[in-house]
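*Asks:* Residue numbering for the sequence shown follows UniProt numbering, beginning at 1 and increasing consecutively. For glycine and all other residues, C-beta sits at the position ideal for the given N, C-alpha and C. Predicted, not measured: the structure shown is a model, and the values here were computed from it.
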Amino acid sequence: MSGDGRLYTLRGSGTEQARNFDRMSNARKAGIWLFHIGNPSGSEGNIMPADLESSHGGDGSSDAQSSSTCADTLLPCPPHSTCVDHPDRKGFCCVCKPNYFGNGRNCVEKNSPQRMNGKVSGIINDIPLQEADLHAYIVTEDGRTYTAVSRVPSAVGSDLQVLTPLGGVVGWLFAVSRSGAPNGFTITGGAFNRTVEVDFPHSGHHVYIEESFLGPDVFNYMRVQVNLRGSVPSIPLGAKIEIQDYEEEYTRVSPGLIRSHASRSYRLEGNVLEVPFTLDQTITYSECEVPMSSTRLKVARNFIVYDAQEQIVRYAMTNKISPLSVEDPCKEGRHECGPHSSCVVEGDSFRCTCDQGYQHIYEEGADGDKAICIDVNECALGRDNCAVHADCINLPGSFACRCKPGYIGNGITCERQKTCADINCDPHADCVAWNHQEEPHCQCRPGYVGNGHTCSPGKEDDCGAVKYCDIRADCVYDEETQTRKCQCRQGFRGNGIVCVEDSCDVADNCSPHGSCLYDAEGEAYYCACLPGYSGDGYYCLPESSFSSCDVINNCHPLAQCVYDSQSQRYHCRCNAGYEGDGQTCTKIEDVSCDQVNSCSLHALCVRDEFSGKYVCRCSEGYEGDGFTCNPIDECNTADNCDANAQCLYDSGSQRYRCQCLPGFKGTGGKGGCALDADVSCNIRNTCHESATCVYDAVDLKYRCQCNPGYNGDGHRCEKSVVPCNVINSCHIRAECLYDPTSRGYRCSCLAGYEGDGYDCRALRSCREDRYLCDRNAECVPHDASGEYVCHCRQGFIGDGITCNVAPQHSGGHLVFAHGMSLLRVPTTPSKSNPGQLLLMEPNQTPVGLTTDCQQGHLYWADASLKVIRRANYNGSEVSMIISHDMLSPEGVAVDWLGRTIYWTDSGKDTIEVASLSKNYRKVLISDGLDNPRGIAVHPGLGKLYWTDWNRSAPKIEVANMDGTGRKELVNDNLGLPNMVVIDFTRNNLCWTDSGLKRIECIGLNGQGRRLVYMPAAYPFGIAVHEDYIYWTDWEIKFLHRVHINGGDAEPLEVPAGGSGRMYGVVSLLSYCPAVGSPCAVDNGGCRYLCLPDGRGGRSCVCPDSSEDGSAGIECNEIIS
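So, in structure tokens, the structure goes:
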């Protein structure tokens, strides 16, 4: 790069090849790169590379027809692929290594998320799009894609929802493969061009999409440029469209060319009227490997929306790709298609689709109605993109734009051309213009030198003063003579005054479809077009009468279209046992298969005992006449297979076969699947209820391992009993003593305390004996019971008798749910600090959020996937902690002192609790609930609060955290109460009400109800941070905040990364609230669940089951 910003880009820049520049070259020596710098003749940008580049040190590019091999090419393939020679040793291909996928030239890691960036420009509905940003995020593991086009003006943003191909191509690229079918990235490596024509037949709208995909860059980001032109039906602002699940087929019609035709429809949300539209896609790419077969893309769970506030159009979908369920219809249907058309698969049949720039007409002939394709006059139909000051010229299959006289440009953009009246020349200069495409400029007259604006007398032998150079030469400055001299341009030779063209053996300037030949008579070299092309040798075009069979299959049914490396083109060749020119093939008489192998690959040539002749007979598992043999499916439905098997397509045998389910082995047929004794526990859980299936990194397999506190082989585990003289598990106010009765050691409380030795309580209160409290605690009356208890000071946690330093975490932020994403924002977002995407889990709906302020964990209830997840405050280490027996978990709350988690399930109409450290869980409340949603807990008071948005009788209830003492806290003047939050500073309970569109608070004792803010559009989640209440809204996609005492609400912008509805919101605390709990130390002395009873004590509760699904836990609590 020069100081003024000019740069020269090496081939391979922006790709993985950049890592190999030190081993590549343009001068046949690794690491050496030669360039002529400083305005060399005939070059652009002041840079000219070496005259002859080396194939041993170039960019490693190769194609299937190259004569190079892997051995004689330095670095033929990128780092993540392997070089494979062709069997005939004529060229090679690159194949991605295991754990990677792609076309060999571009490979990405399997199951790794991918990203795509690009720009979208053009004109839709007469509204210009100026380089709108396109971003896509792809979850390759399940084929889910998220595409967003931002900075789309509202005048056209809502309409752009119908252009689903903008997101659909990303789905085709990274669709999950089924039965070995290649997705788009496996075929193209992400480097291809695509054109799409979208027609809306009922309204007459038409859109033309041009896309250039550039493959992954060095940062593994896909790059794309998109251009749109045309019009689409109008979609009302704020309306959404719905598109049902659909399928579309992709057909390879020739090397490097894929076509697809599809018919779909959309409808406005809440409307039953379907609006049909059709898509015709053409994809061109560089092909090297074995060509693809036709495939079927299945697209489901379409989500499309335009966010007018953010000016973003979003497309999300799930994609799978598989082979056709029937034989490719175009195998026989190609010959039905006429000129300018291609056969593409449509459903289980085929369709002759016109090439780009052509359209169907129908005429009656001897063979009935047959579609033919004629040129579309884009200029007459207004489908061109020519500038206002340009003329549109119709061409066969396309059009061209040409600027009108007086304007200059490429026809798509035309600017007024400057005239001599617009520039000021020196009196000794003339204003000249060589042609109408070049701007006029000032040129000094003979005898003068300068830039035309300033001219001075020059020397006589200076070509700048006297114009005597050949028209094929330039006047360049000579440092030795300090004058300018004539120098022939590249491709010409001479003294500059006279220049003649280099012959083609030196210039190598023949057409790619021509060759340089020697004329012995004239003793000169000349360019001549190859057979099948015509022209002067420098420019060669296909002969008008020439039609290659790879474009239009005009081969006989008993012939194949094959590539001839000698002539470098395709031609028809009769099958073995037949003779002819490929367009006509006849059977060779009296030639049997033992003389010429004309049998199918899946057939054998055997002697027929009756006729005495050799005949072709299909192999076992195939059916046909011997010349064509198709696999016989072993099954059609799962009913044909064993109960523990399924009917799946086997790409190896190319037929459907019964295959045993994981954990079983056998043939798959009826009665053919038995339990696999060697199956690992991650496939079938054979572990003991007190064991876990874990991955052994040494043996590289899964095995059962007893949980801590248990001994055994994992399939059978017994509880470990360790006496206190080995491991001191006694309470801090107990000692380990020998018990003669049990002949072992046991814990015994000290004098002045009572309990079982694992939990010891003082016989006197701290009011009588201040020294019962920890030195970091104070003796205060309990809010519920009025008795004096020890209470840890701010910055410490515990039960008051024992207080430990409270851990500090990086708080001071808010986290909220937006669609499938969790985003973190400061309490006062700004343009310089708007927040960021914290994490995104595909397909989830995080309804309720809460925190564990002691451990620095974030918890959320996923109503879609029916799980409760956990992550660190920074979004790392995402895991599922509750995943069994849930229908619709919504609200979630954590008792950070008692180490338990509470949640509501609106599908089961229950409130449940589980231990955070063990697998124990219990249904706490199951009666009298209709639609429980929000939930909050106060461990210091031992109270549990929740909302129930029963439309006929909405209410907010309170109970003790052990489920006792249940009562209604608010039961009047409620609409649809959603989420609740506790303000620990003011002892208030606050909630959102989307029915009455308001935010309200009430004292935890049920007194002092007050309205904080109204009207809110559709408030949902709620959080309190310092002196402000924050809430999310389903209709207005902003965070909102208002002072705890009311006032005007303030909308807060949210960062990009989410879409759809906004759900829960939570404040990340640096310190936990200064409250105590009887369950804070040693689980309150309980064996299983320690739950505060709301009276200053706790209940030791037996669980219903454990999270792994086991039930019937034997409970023998010895503490009442």
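1. Only counting the same chain, and skipping five residues up and downstream in sequence, which positions put a Cβ closer than 7 Å to that of I801?
2. Given 8 Å as the limit, is there contact between the stretch 67-79 and the stretch 88-106, that is, 3 or more CB pairs closer than that?
3. DSSP three-state call for E310: helix, strand or coil?
4. State the Cα-Cα distance for the pair G965 and W860, rounded to the nearest angstrom.
5. Quick one, which of S398, F399, T419, N394 has its alpha-carbon nearest P405's?
6. Run through DSSP, which three-state label would W1034 get?
7. Between P1092 and G848, how many whole angstroms is the CB-CB distance? I'm expecting something under 8 Å.
8. Kindly give me the distance between the Cβ atoms of H857 and N843, rounded to whole angstroms, as I take these residues to be in contact under 8 Å.
9. Between D972 and G1006, what straight-line distance do the alpha-carbon atoms span, to the nearest angstrom?
10. Within 8 Å, do at least three Cβ pairs link the stretch 189-197 to the stretch 339-346?
11. Check for me: the alpha helix (DSSP H) holding residue 1124 runs from which residue to which?
12. Measure the C-alpha to C-alpha separation of R194 and C572 and round it to an integer number of angstroms.
13. Please classify K110 as buried or exposed, where buried requires at least 16 neighbouring CB atoms within 10 angstroms.
14. Taking Cβ positions, are T186 and F277 nearer each other than 7 Å?
15. Is the distance from the Cβ of I393 to the Cβ of A387 below 7 Å?
16. So the candidates are C107, Y315, L822, S154; which of them puts its Cα closest to the Cα of residue 1123?
17. Take the Cβ of H261 as the centre, count every other Cβ of all protein chains shown within 10 Å, and call the residue buried at 16 or more, exposed below.
18. Go ahead and pull the three-state DSSP assignment for S154.
19. For F213, write down the residues that DSSP places opposite it in a beta bridge.
20. I need the straight-line Cα distance from N451 to V170, nearest angstrom please.
21. Note down the Cα distance separating Q65 from Q225, rounded to an integer number of angstroms.
22. Which same chain residues end up closer than 8 Å to residue 1121 when comparing Cβ atoms and leaving out the 5 residues on each side of it in sequence?
23. Quick check: the stretch 1063-1077 against the stretch 320-331, are at least 3 beta-carbon pairs closer than 8 Å?
24. Should S917 be labelled buried (16 or more other beta-carbon atoms within 10 Å of its own) or exposed?
25. D594 and C605 look like a contact to me (Cβ under 8 Å); what is the Cβ gap, rounded to whole Å?
26. On the DSSP letters alone, give me the boundaries of the alpha helix (DSSP H) that L166 sits inside.
27. Using CA coordinates, which residue listed in C1090, R1095, G1096, R445 is at the minimum distance from C1102?
28. Within the same chain, show all residues whose beta-carbon is closer than 7 Å to that of S1067, passing over the 5 residues directly before and after it, in chain order.
29. Kindly confirm or deny that the stretch 672-686 and the stretch 696-708 touch, where touching means at least three C-beta pairs closer than 8 Å.
30. If I measure Cβ to Cβ from A806 and keep anything under 6 Å in the same chain, skipping five residues before and after, which residues do I get?
31. To which residues of the same chain is V156 closer than 7 Å at the C-beta, ignoring the five residues directly before and after it?
32. Starting from the C-beta of V500, find all residues in its chain whose C-beta is less than 7 Å away, skip the five residues before and the five after it, and write them out in chain order.
33. Assuming C455 and C444 form a contact by the criterion Cβ under 8 Å, report the distance between their Cβ atoms to the nearest whole angstrom.
34. Looking at V1065 and Y1030, is the spacing between their C-beta atoms short of 7 Å?
35. Output the distance between the C-alpha atoms of L1011 and I1044, rounded to the nearest integer angstrom.
36. In terms of residue numbering, what span does the alpha helix (DSSP H) encompassing C330 cover?
*Replies:* The short version:
1. L772, C773, D774, C790
2. yes
3. coil
4. 27 Å
5. T419
6. coil
7. About 21 Å; that fails the 8 Å criterion.
8. H857 to N843, Cβ: 22 Å. No contact.
9. 13 Å
10. no
11. The displayed coordinates of the chain run from 1 to 1120. Any statement about residue 1124 would go beyond what the structure contains.
12. 29 Å
13. exposed
14. no
15. no
16. There is simply no residue 1123 to check, as the chain begins at 1 and stops at 1120 in what is shown.
17. buried
18. helix
19. F192, V224
20. 52 Å
21. Residue placement at Q65 is poorly supported in this model, since its pLDDT is 38, which falls under 50; the coordinates still yield a value, given next. About 29 Å.
22. Lying outside 1 to 1120, the shown extent of the chain, residue 1121 is not represented and no answer is given.
23. no
24. exposed
25. 6 Å
26. 165-173
27. C1090
28. L814, A1023, V1024, H1025
29. yes
30. G795, F796, I797, Y1071, C1072
31. I124, N125, I127
32. F492, R493, G494
33. 4 Å
34. yes
35. 10 Å
36. 330-333
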